[in-house]
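Going line by line, the protein sequences match chains A and B.
So in numbering that gives the first Met the number 0 the end of the first sequence lands on 431, straight run, no missing numbers.
So in numbering that gives the first Met the number 0 the end of the second sequence lands on 273, straight run, no missing numbers.
Where a beta carbon is used, it is the ideal one built from N, C-alpha and C, also for glycine.
Predicted model only: the values in this text are computed from it and were never measured.
Working notes for the structure below.
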Amino acid sequence: MSEKFDVIVVGAGPAGSACALTCAQSGLKVLLIERGEYPGSKNVMGGVLYRKQMEELIPEFWKEAPLERPVIEQRFWMMDKESVVSFGYKGLEWAEENNYNNFTVLRAQFDQWFASKAVQAGALLINETVVLECIVENGKVVGVRTDRPDGDIYADVVVLADGVNSLLGKQLGFHKEFRPDEVALTVMEVINLPKEKINDRFNLSDNQGCTIEIFGDSTKGNLGTAFLYTNKDSLNIGVGTTLSSMIKAKLKPYDLLDYLKNHPMVKPLIEGGESAEYLAHLIPEGGYRSVPKVAGNGVVLIGDAAQLVNAIHREGSNMAMSSGKMAAETIIEAKHRNDFSESSLNLYREKLYDSFIMKDLEKYKDAAHTFEKYPQYFNEYVPMMNKAMSKFFTVDGTPKRDKQKEIMKSITKERGVINVAKDMYRAWKAVK
Amino acid sequence: MHIVVCVKQVPDTKIIKINPKTNTLDRRSAPAILNPYDAHAVQEAVRLKKLVGGTVSVVSMGPPQATAIIKKSVEIGADEGYLISDRAFAGADTLATSYALSKALERIAKIKPIDMVICGKHAIDGDTGQVGPGIARRLDIPPVTNVIEVTEVIEKDKKVVIKRKLTSGYEIIQAQLPCLLTVEKEINEVEYSPLPNMIRAAKYESIIWTVADLENVDKVQLGLKGSPTIVGKMFSPPKPEGGIRLEGTANEQVNKLMDLLMEKKELFTLQTTK
Chain A
0 MSEKFDVIVV GAGPAGSACA LTCAQSGLKV LLIERGEYPG SKNVMGGVLY
50 RKQMEELIPE FWKEAPLERP VIEQRFWMMD KESVVSFGYK GLEWAEENNY
100 NNFTVLRAQF DQWFASKAVQ AGALLINETV VLECIVENGK VVGVRTDRPD
150 GDIYADVVVL ADGVNSLLGK QLGFHKEFRP DEVALTVMEV INLPKEKIND
200 RFNLSDNQGC TIEIFGDSTK GNLGTAFLYT NKDSLNIGVG TTLSSMIKAK
250 LKPYDLLDYL KNHPMVKPLI EGGESAEYLA HLIPEGGYRS VPKVAGNGVV
300 LIGDAAQLVN AIHREGSNMA MSSGKMAAET IIEAKHRNDF SESSLNLYRE
350 KLYDSFIMKD LEKYKDAAHT FEKYPQYFNE YVPMMNKAMS KFFTVDGTPK
400 RDKQKEIMKS ITKERGVINV AKDMYRAWKA VK
Chain B
0 MHIVVCVKQV PDTKIIKINP KTNTLDRRSA PAILNPYDAH AVQEAVRLKK
50 LVGGTVSVVS MGPPQATAII KKSVEIGADE GYLISDRAFA GADTLATSYA
100 LSKALERIAK IKPIDMVICG KHAIDGDTGQ VGPGIARRLD IPPVTNVIEV
150 TEVIEKDKKV VIKRKLTSGY EIIQAQLPCL LTVEKEINEV EYSPLPNMIR
200 AAKYESIIWT VADLENVDKV QLGLKGSPTI VGKMFSPPKP EGGIRLEGTA
250 NEQVNKLMDL LMEKKELFTL QTTK
């Protein structure tokens, strides 16, 4: 029989590398298997990395990790066809090491570095290797079958960090095929732009970054968001909507991105840039109710494979890392007990449900559903807000109090008083 | 049989950019890979090992991160990998490189006598093809270039039968062992490595030597000092001109095409070499 490991981690993204790192640090024999040419070569995200969960894994990671810019400004745009209502926060405290909040990153570089930390801790990393299936004996996962010759390899626990589609999780029957409203399809581009231009256009210094989340016309009024993030000398721009909205509105993702790039509110910010990369990926946005069974006999699911994404707050990589760490801690304890059964590994599930991850997902369990079912939030209220602001700020001799009345009247006229009240209550209930 | 393969880490020239100001390669723009010809060289050594038994070692000269291609060679099936890495080797042209590698090979031969050295035909970042023959000359063994097949290894007579690619056709020759081969891509297909090789490579720690670990080294012949080559100028080759699109009816198009071909008929006359 071939060599046996304590843990095999399938997939070297943030979840997999976090799990491999934590296991290796406690002396477990870890094999980390990645299908891409190198970790990160196939991974996609908008580009915001959160400090807190990363710091729990690697203290002071910002001193050596390949990061782009610490984010010091977060803007939110409610965008109409030729206007935008903007609000946000910019704080210089976020530019200080002690208060770094989050960073923009390029995943191809970051994931490679993160996996290398797991390797330094003692994990073995194998690239360009596809895991075809879990090897199941007597109802227990005992290893994985790869696509390589002599490709079977065994371990006490197999950690599935194989991403949103988690074919391995599906094979084990842990989750079903997605419904189109459980996943978002996001397309993005990395646009090279000289550092000086980025600093000028976004009002930043060299080591300061800005994120803009864009709602409304960025998705032509469909459920979804667009984003524009500043890297050192490039921008990440992307847009995503749920697959169901895309089907219903007959949208093509690349058309949507083109529309966004040519939008008069966006175009001046990216003008003159050179498109360097084009990426597309599914995001698991089903939330609380879509989280599958996460532990079985000899196997656990982490990160996107366990559908751990908070679509409302665009958090995912942090949940991936935390879930990887919790899974690792569970495996380390299971190793002490020498018990890798489902009941032993279910401790991971408990940790997960006790943490911010499941608490946050629970909070927003109805949000996506509400916004999907009642599209007026995106396609009616955003334009209404724009009209209202335009009216309010236009100086035409009308007394301000009359303006306010007029604005309220126009809003209630369009949707009716009762409907507006209903809409407000529904939205509040979904995110309370 | 002990076969040693010389390998080089190169930027992937399929995607590398040239800095338009300095006309030099922008090495950051492309990932570093095992020179593709060298991958075939390692594969051939592994194939021969399976046939007649023995050991496959690889040797490279380069910065510490070149251990990545030694690991890659272990994935393909090499048993040991040596990297000579020292500031003193930096800036070497093909003359100084072949000198340094021949010294490394002499050192390896002390651990285990060498029966065959295999190199790729050339490295894709320089395309010179000089290092292989340079090593053979210094080790005083026969160089056999442009090999497309190792037909037979006759161990008891210490001979190999080899097929070489020529400009027109090929030739079959016999060479005395030890000898040095430089191989073409046609020689084999680089196989998809078995999982145990991948795990072994992930664990493998390359043997790293500095100048001090080599013997009888004339330091003047190393690195920039030992490199008489001067690069006078570098330029990107001109972009090929676009083709011509012929419009009109089928007949018109054929007639236009015939006219064009007749204008360039000298391209189609047989050229005889004197």
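Query raised in the report: Using a Cβ-Cβ cut-off of 7 angstroms (strictly less than) and excluding sequence neighbours within five positions of residue 235 of chain B, which residues of its own chain qualify?
Result: 17
**Report entry** Proximity test, Cβ basis, 7 angstroms: residue 123 of chain A and chain B
**Finding:** yes
Report task. For residue 147 of chain A, return the contacting residues in chain B, with the cut-off set at a CB-CB distance below 7 angstroms. Result -> The contacting residues are 191, 192, 193, 194 and 197.
**Report entry** Euclidean distance between Cα positions of residue 119 of chain B and residue 32 of chain A
**Finding:** The C-alpha of residue 119 of chain B lies about 30 angstroms from the C-alpha of residue 32 of chain A.
Query - Per-residue contacts from residue 201 of chain B into chain A (C-beta, under 7 angstroms) - result: Result: 123, 124 and 125.
**Report entry** Under 7 angstroms between C-beta atoms of residue 342 of chain A and residue 296 of chain A
**Finding:** no
Report task. Determine, using beta carbons only, whether residue 4 of chain B and residue 51 of chain B come nearer to each other than 7 angstroms. Result -> no
Requested in this report: Answer with yes or no whether the minimum CB distance from residue 150 of chain A to chain B is below 7 angstroms.
Outcome: Cβ-Cβ to chain B under 7 angstroms: yes for residue 150 of chain A.
Query raised in the report: According to DSSP, is residue 5 of chain A helix, strand or coil?
Result: strand
Query raised in the report: Roughly how many angstroms separate the alpha carbons of residue 61 of chain B and residue 86 of chain B, rounded to a whole number?
Result: 9 angstroms
Query - Rounded separation between residue 107 of chain B and residue 123 of chain B - CA only - result: 26 angstroms
Query raised in the report: CA-CA distance, residue 124 of chain A and residue 30 of chain A?
Result: The alpha-carbon of residue 124 of chain A is positioned some 6 angstroms away from that of residue 30 of chain A.
Query - Under the three-state DSSP convention, the category residue 306 of chain A falls into - result: In the structure shown, residue 306 of chain A sits in coil (DSSP, three-state: anything other than H, G, I, E or B).
**Report entry** 3 or more residues per run - each beta strand (DSSP E) lying fully within the stretch 13-95 of chain B
**Finding:** 31-33, 54-60 and 79-83
Requested in this report: Measure the alpha-carbon distance for residue 60 of chain A versus residue 85 of chain A and round it to whole angstroms.
Outcome: 32 angstroms
Query raised in the report: Does the stretch 60-74 of chain A come close enough to the stretch 209-220 of chain A that 3 or more CB-CB pairs lie under 8 angstroms?
Result: Because the criterion of three Cβ pairs below 8 angstroms is met, the stretch 209-220 of chain A and the stretch 60-74 of chain A touch.
**Report entry** Own chain partners of residue 17 of chain A with C-beta closer than 6 angstroms, once the 5 adjacent residues on each side are dropped
**Finding:** 56, 320, 323 and 324
Report task. Out of A:44, A:271, A:197 and A:88, state which residue places its alpha-carbon closest to the alpha-carbon of residue 225 of chain A. Result -> A:44
Query raised in the report: How about residue 154 of chain A and residue 142 of chain A: are their beta carbons less than 7 angstroms apart?
Result: yes
Report task. Would you mind reading off the limits of the alpha helix (DSSP H) that contains residue 135 of chain B? Result -> 130-138
Requested in this report: Along the alpha helix (DSSP H) that carries residue 269 of chain A, what are the first and last residues, could you check?
Outcome: 266-269
Requested in this report: List the endpoints of the continuous beta strand (DSSP E) containing residue 69 of chain A.
Outcome: Under the DSSP assignment, residue 69 of chain A falls in the beta strand (DSSP E) whose first and last residues are 68-78.
Query raised in the report: So who's on the other strand from residue 280 of chain A, going by DSSP bridges?
Result: A:185
Query raised in the report: Do you know how far the Cα of residue 246 of chain B is from the Cα of residue 240 of chain B?
Result: 19 angstroms
**Report entry** Three-state secondary structure (DSSP) of residue 267 of chain B
**Finding:** coil
Query raised in the report: Nearest to residue 190 of chain A by CA position, among A:228, A:233, A:327 and A:160, is which residue?
Result: A:233
Report task. Grab me the residues of residue 12 of chain B's own chain with a C-beta within less than 8 angstroms of its C-beta, minus the 5 sequence neighbours each way, in chain order. Result -> 29, 123 and 124
Report task. Using a cut-off of 9 angstroms between C-beta atoms, extract the partners of residue 2 of chain A located in chain B. Result -> Scanning chain B for C-beta atoms nearer than 9 angstroms to the C-beta of residue 2 of chain A yields 195 and 198, reported in chain order.
Query - Simplified DSSP assignment, three categories, for residue 429 of chain A - result: helix
Query raised in the report: Whole-angstrom Cβ separation of residue 188 of chain A and residue 274 of chain A, contact assumed at under 8 angstroms?
Result: 5 angstroms
Query raised in the report: Given a threshold of 16 other Cβ atoms within 10 Å of its Cβ, counted over all protein chains shown, does residue 229 of chain B qualify as buried or as exposed?
Result: exposed
Query raised in the report: Can you find at least 3 beta carbon pairs, one from the stretch 96-107 of chain B and one from the stretch 160-167 of chain B, that sit closer than 8 angstroms?
Result: No: the two stretches stay apart, fewer than three of their Cβ pairs being nearer than 8 angstroms.
Requested in this report: Report the rounded CA-to-CA distance for residue 235 of chain A versus residue 26 of chain A, giving the unit in angstroms.
Outcome: Residue 235 of chain A and residue 26 of chain A: Cα-Cα distance of roughly 38 angstroms.
Query raised in the report: Apart from the five residues just before and just after residue 68 of chain B, which ones in its own chain have a Cβ nearer than 7 angstroms to its Cβ?
Result: 6, 8, 33 and 59
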